[in-house]
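Protein chains in written order, with this note's numbering: chain A, -3 to 357; chain B, 17 to 182; chain C, 9 to 398; chain D, 5 to 156. Down below is the structure, laid out as structure tokens.
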Amino acid sequence: MSAPKPVVGNRPVAICSFAQSPSLRRVDQANEVEMLMPVIAEVFAKANMTKDDMGFICSGSTDYLIGGPFSFVMALDAVGVWPPKSESHVEMDAAWALYEAWVQLQEGVIDTALVYGFGKSSLGDLSRVLAMQLDPYTMGPLWPDQVSLAALQARALLDRGLSTEQEFAEIAARSRHDALKNPNAQVRNETPVAELLEEAYAVSPLRRHTLPPLSDAAAAVILVAGDRAYDVVDRPAWITGIDHRVETHAFGARDLAVSTSTAMAAKIAGVGNGPVDIAELHGPFAPQEVIVRQAIGLDDSVTINPSGGPLAANPMMAAGLIRMGEAASRIWDGSATRAVAHATSGPLLQQNLVCVLEGES
Amino acid sequence: MTEENLAPVTMLSTPIRLDYDFTAGLAQSKTLAGYAQGKFIGQRCPKCKQVYVPSGGSCPTDGVAMDEVVELPNTGTVTTYCIVNVPFAGQSIELPYICGQILLDGANISFMGLLQEIPTDEVRMGLRVEAVWVPEDELGPNLSSVKYFRPTGEPDADYETFKEYL
Amino acid sequence: MTERCAVIGIGQTYHKAKREDVSIAGLVREAARAALDDAGMDWGDIDAVVVGKAPDMFEGIMMPELYLASALGAVGKPMLRVHTAGSVGGSTAIVAAHLVQSGIHKRVLTVAFEKQSDSDAMWALSVPRPFSAPLLAGAGGYFAPIIRAYMHRSGAPNDVGMKVAVKDRLQALKNPYAHLHLPDISLKMVEESIMLWDPLHYLESCPSSDGAAAMVIASEDVAESTAKVTGRPPAWVHGTAMRSEPTMFAGRNQVNPQAGRDCAKDVYAQAGITNPRQQLDCAEVYVPFSWYEPMWLENLGFCDEGDGWKLTESGATALDGGDIPWNCSGGVLSSNPIGASGMLRFLEAALQVRNMAGEHQVEGASRALGHAYGGGSQFFSMWVVGSDKR
Amino acid sequence: MADVVEVFRSPHVLEYPYVRSTGPIVGGYLSGLRDGKILGATGAAGRVIVPPTEYDPDTAEELSELVEVGPGGVVTTWAWVSDPREDAPLSEPFAWALVQPDGADTGILTPVAASGPDAMASGMRVTASFLPSAERQGRVQDLRCFVPEEAS
Chain A
-3 MSAPKPVVGN
7 RPVAICSFAQ
17 SPSLRRVDQA
27 NEVEMLMPVI
37 AEVFAKANMT
47 KDDMGFICSG
57 STDYLIGGPF
67 SFVMALDAVG
77 VWPPKSESHV
87 EMDAAWALYE
97 AWVQLQEGVI
107 DTALVYGFGK
117 SSLGDLSRVL
127 AMQLDPYTMG
137 PLWPDQVSLA
147 ALQARALLDR
157 GLSTEQEFAE
167 IAARSRHDAL
177 KNPNAQVRNE
187 TPVAELLEEA
197 YAVSPLRRHT
207 LPPLSDAAAA
217 VILVAGDRAY
227 DVVDRPAWIT
237 GIDHRVETHA
247 FGARDLAVST
257 STAMAAKIAG
267 VGNGPVDIAE
277 LHGPFAPQEV
287 IVRQAIGLDD
297 SVTINPSGGP
307 LAANPMMAAG
317 LIRMGEAASR
327 IWDGSATRAV
337 AHATSGPLLQ
347 QNLVCVLEGE
357 S
Chain B
17 MTEENLAPVT
27 MLSTPIRLDY
37 DFTAGLAQSK
47 TLAGYAQGKF
57 IGQRCPKCKQ
67 VYVPSGGSCP
77 TDGVAMDEVV
87 ELPNTGTVTT
97 YCIVNVPFAG
107 QSIELPYICG
117 QILLDGANIS
127 FMGLLQEIPT
137 DEVRMGLRVE
147 AVWVPEDELG
157 PNLSSVKYFR
167 PTGEPDADYE
177 TFKEYL
Chain C
9 MTERCAVIGI
19 GQTYHKAKRE
29 DVSIAGLVRE
39 AARAALDDAG
49 MDWGDIDAVV
59 VGKAPDMFEG
69 IMMPELYLAS
79 ALGAVGKPML
89 RVHTAGSVGG
99 STAIVAAHLV
109 QSGIHKRVLT
119 VAFEKQSDSD
129 AMWALSVPRP
139 FSAPLLAGAG
149 GYFAPIIRAY
159 MHRSGAPNDV
169 GMKVAVKDRL
179 QALKNPYAHL
189 HLPDISLKMV
199 EESIMLWDPL
209 HYLESCPSSD
219 GAAAMVIASE
229 DVAESTAKVT
239 GRPPAWVHGT
249 AMRSEPTMFA
259 GRNQVNPQAG
269 RDCAKDVYAQ
279 AGITNPRQQL
289 DCAEVYVPFS
299 WYEPMWLENL
309 GFCDEGDGWK
319 LTESGATALD
329 GGDIPWNCSG
339 GVLSSNPIGA
349 SGMLRFLEAA
359 LQVRNMAGEH
369 QVEGASRALG
379 HAYGGGSQFF
389 SMWVVGSDKR
Chain D
5 MADVVEVFRS
15 PHVLEYPYVR
25 STGPIVGGYL
35 SGLRDGKILG
45 ATGAAGRVIV
55 PPTEYDPDTA
65 EELSELVEVG
75 PGGVVTTWAW
85 VSDPREDAPL
95 SEPFAWALVQ
105 PDGADTGILT
115 PVAASGPDAM
125 ASGMRVTASF
135 LPSAERQGRV
145 QDLRCFVPEE
155 AS
């Protein structure tokens, strides 16, 4: 057995364990630490490892979900960083924490890393919280809500003839259907497309089914470099390419119907170097899935979001990492040999990460 | 129509208000329920056996839930302290005042508490103190139920007994 | 394999209580532009951007690096945002260094900032949460009892902290970027300043500043070719380390935290340092309250436990005549844009070994430590830089 | 086990009156709005960016020249809000839109006051509607919204 040669980086690194808490509209019995703790325990148990086996720990979270500074500090108690650990945190989706850990693993000094992310959308008014991301001088004071902004992007896509409301509904129906097989998903049902299209607009042209749910959840992943990966899992999900890019924040100066940063990241990550079996995409709103899929260059043969994707569960700060964990799971169980995972951050797909995972064929 | 003689804009006021529905979580709620009854409720880690009060939900060194509830007494020791002379937002106590790190008897961690009924120049490390609770009808699920700590009059604790908790 | 990397560009703002002449973008840009100029580069030369700052509540913008992407020339590039509390300026530089050491990129711009005047630092650091303990002591009140514990343990005389406060402010007079320039600083002036959190006087505490810091970190080949063009030497990174421990736990040594000792041990091992006092020429160490100089002298192994105050008292840590000068720039006690404060330490260490520190240059400095810490003395980041490759 | 303990909940308000220094470009834009004018910045290759950014969105070069654009413009994309949130800029149903003012090459995020979704279309002409001059304070809200051109 030998790991496929990576396109980006020199050292093969694999996702070897993944755990997540069920996405719920409101996790009330647990604070952030309590929501995270069982997830950390599970990700270690699955790998038959402990915190003492970790060379590095990196997390992703944001203070505005809880409305107070240093939420990542409290969360550390879910791991128990004692004796002291080499540890870092990004104020980004944990997919970028995984990237930071992957970079360190490239150097060959350490072989293992724990990555986790958590977020509770239930505590605040997420639309208003996310308005805090906007240019504080010219956009923030208007408090535009995230659904309206996504609707602007959806209209740009429709106007260009690149998608249809029918397609949005098909994406939602497929996501809910696939989520039936995912016990951690939140929106799981069989709803005919025709029925979805009868729903009223939340913000036109977005009907309610095109919106991601508000979710509370946490997720964690263990990365292992080199042959040690085989000690943890029979068929490691090797990261053969990973890259991320950002666009301008001035989205009035962008073409909203396309995602140039996703396309760039996909190219550098080498998505086009071989066939893709499945892709886990983090376009939280249905039209954004269309944009991301086109940017990555995935054709109709690729199974999109077999987990149900973000339309079935969208815990902030963890949803991107969950895409990577879900994609890796398909490699482990043999249902895919080459998978793509995508994560996004910022208003209207401003920043995007693309990762290619491969198992030996 | 135009006011050409106005000075150019250089400053912008952007008030922010976000509303949250905060949840304390399971472990913290046990401690909070104790405050509402005028009691200190701590939790013991099943692995390291240390007693934490208040508890945030997990043992900070072991990363496991602390399932065992431990009721702690009203008395403890001041491990260290500072005297606050600076006014800041949200403060409601007359300056100067003493903030002590209080190690309750039977606990393995100290927390910050207000010290009263002792002049600022008489406070010292090792001082024995007890909690004074607010009247029963004012008790609530928060540390404000403890009005303050005051000296018990016992001899000071030996430095050796609390030096591990600094 | 860990590839060699070096600092080839350095920039910082003029730190002030309020930088009302610029927006947040204007502030970070000032430092970033200066770092590019130093490296003889332009925006297009940069492969990736790593941004760091402390809590977003200082500026009231969630993930402000998103809004700053164009100002930092990050469009079309990878951009990361680090947040590790007060140590973040150091951690950010370390993340940037890893992007080069891993062989992923060759030229990385790293920037850290805080524009504290947009709000109030005391408020932002301690936004009260429901059910949490009432706000009893304020920011400095967290550290004052720990300082008292140190004084008790070490038997240090009461005036050691005041000596640090004077020393660092005198050194700040030699740094044009420093926020506080107090030409009349004296022990008497510190002693007569208001006692904020007994045992801490007002002048023994850091200011609240607006400011930014930036560096260009490059691979070995780029560093060498750049130096040939600019004539300015690189600062080679000899080692980097980060360590974290929980905020509170039973038996925690808050005076001399294990995470700090472990972090120092790791970074010294990478840099081949066995005796930091002898082998380092100077150090830039995060000292936001005066007493943290003697405490960190011990934590970082510059002396035995309990002896830190003796080094300070002997003048060993002074730029003027000391054998191991600490915080020649004036340190955090003279400029404190929180998110940037750690990077300023890292950057000042690099300036010293490049022999570019101007009036506060330690003559012939060839190896220096940069240090940052944060949270409840629980997050540490450190690097050792040198004028020669290692 | 979990259901026997009462889990405490509490409202929590995060509130602060941030005051920001604008720098000359953003300050120039806000001064213009106060004067009832829309200003853009001349960016790389002569592209006019509005609201003006201090640095070119693509090339990062520093921008310094402000030029007046609008008040008329074109809707490039829009979203109909039939049930405005409490914090929405208009209390009646309205459209969020990107409007590209005449003479500009990018869009402003702005409310458009229209009678209904049927009165909205990408490509439609709109014109700026400012607050009365006495109410303008030098902030983005001074540009109250855009309105369909025939209705102005």
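For each residue, glycine too, the CB sits at the ideal point set by N, CA and C. Note that this is a predicted model, so its numbers are computed, not measured.
Residue i - containing alpha helix (DSSP H), residue span
i, result
"residue 102 of chain C", "96 to 109"
"residue 33 of chain A", "28 to 43"
"residue 253 of chain A", "Segment: none, residue 253 of chain A is in no alpha helix (DSSP H) and carries neither H nor E."
"residue 262 of chain C", "Premise fails: residue 262 of chain C is in no alpha helix (DSSP H) and is neither H nor E."
"residue 116 of chain A", "Where residue 116 of chain A is concerned, there is no enclosing alpha helix (DSSP H), although the beta strand (DSSP E) it sits in stretches over 108 to 116."
Distance between beta carbons of residue j and residue i, contact taken as under 8 Å
i, j, result
"residue 242 of chain A", "residue 85 of chain C", "7 Å"
"residue 59 of chain D", "residue 67 of chain D", "6 Å"
"residue 189 of chain A", "residue 169 of chain A", "5 Å"
"residue 25 of chain C", "residue 125 of chain C", "7 Å"
"residue 66 of chain B", "residue 95 of chain B", "Actually they do not touch by this definition, with Cβ atoms about 15 Å apart."
Of the listed residues the options, nearest to residue i (C-alpha basis)
i, options, result
"residue 196 of chain C", "C/170, C/149, C/154", "C/170"
"residue 32 of chain A", "A/87, A/210, A/313, A/195", "A/313"
"residue 361 of chain C", "C/11, C/18, C/204, C/9", "C/18"
"residue 348 of chain A", "A/356, A/269, A/263", "A/263"
"residue 58 of chain A", "A/48, A/70, A/52, A/180", "A/70"
"residue 184 of chain C", "C/128, C/356, C/275", "C/356"
"residue 38 of chain B", "A/36, A/64, A/128, A/137", "A/64"
"residue 153 of chain B", "B/23, B/103, B/53, B/32", "B/53"
"residue 258 of chain C", "B/134, B/70, B/104, B/55", "B/70"
"residue 33 of chain B", "A/282, A/74, A/94, A/138", "A/138"
"residue 175 of chain A", "A/125, A/307, A/39, A/333", "A/307"
"residue 48 of chain B", "B/120, B/156, B/102", "B/156"
"residue 35 of chain B", "A/119, A/100, A/277, A/141", "A/119"
Beta-carbon neighbours of residue i, restricted to chain D and to distances below 9 Å
i, result
"residue 131 of chain C", "20"
"residue 63 of chain A", "16, 17, 18"
Exposure of residue i, with buried meaning 16 or more beta-carbon neighbours within 10 Å
i, result
"residue 105 of chain D", "buried"
"residue 46 of chain B", "buried"
"residue 141 of chain D", "exposed"
"residue 237 of chain C", "exposed"
"residue 205 of chain C", "buried"
"residue 108 of chain B", "exposed"
"residue 22 of chain D", "buried"
"residue 17 of chain D", "exposed"
"residue 177 of chain A", "exposed"
"residue 78 of chain C", "buried"
"residue 146 of chain D", "buried"
"residue 295 of chain A", "exposed"
"residue 68 of chain C", "buried"
"residue 154 of chain D", "exposed"
"residue 55 of chain A", "buried"
"residue 7 of chain D", "Residue placement at residue 7 of chain D is poorly supported in this model, since its pLDDT is 46, which falls under 50; the coordinates still yield a value, given next. Exposed, because fewer than 16 other Cβ atoms sit within 10 Å of the Cβ of residue 7 of chain D."
"residue 175 of chain B", "exposed"
"residue 5 of chain D", "Residue placement at residue 5 of chain D is flagged as unreliable, the pLDDT there being 39, under the threshold of 50; a coordinate-derived value is accordingly withheld."
Closer than 7 Å at the beta carbon, the chain D residues around residue i
i, result
"residue 226 of chain A", "Within chain D, no residue comes near residue 226 of chain A; the closest Cβ sits about 38 Å away, beyond 7 Å."
"residue 359 of chain A", "Beyond the ends of chain A as shown, which are -3 and 357, falls residue 359 of chain A; an answer cannot be given."
Beta-carbon neighbours of residue i, restricted to chain B and to distances below 8 Å
i, result
"residue 11 of chain D", "39, 40, 41, 42, 45"
"residue 23 of chain D", "27, 28, 29, 30"
Per-residue contacts from residue i into chain C (C-beta, under 7 Å)
i, result
"residue 180 of chain B", "259"
Terminal residues of the beta strand (DSSP E) in which residue i lies
i, result
"residue 12 of chain D", "Segment: none, residue 12 of chain D is in no beta strand (DSSP E) and carries neither H nor E."
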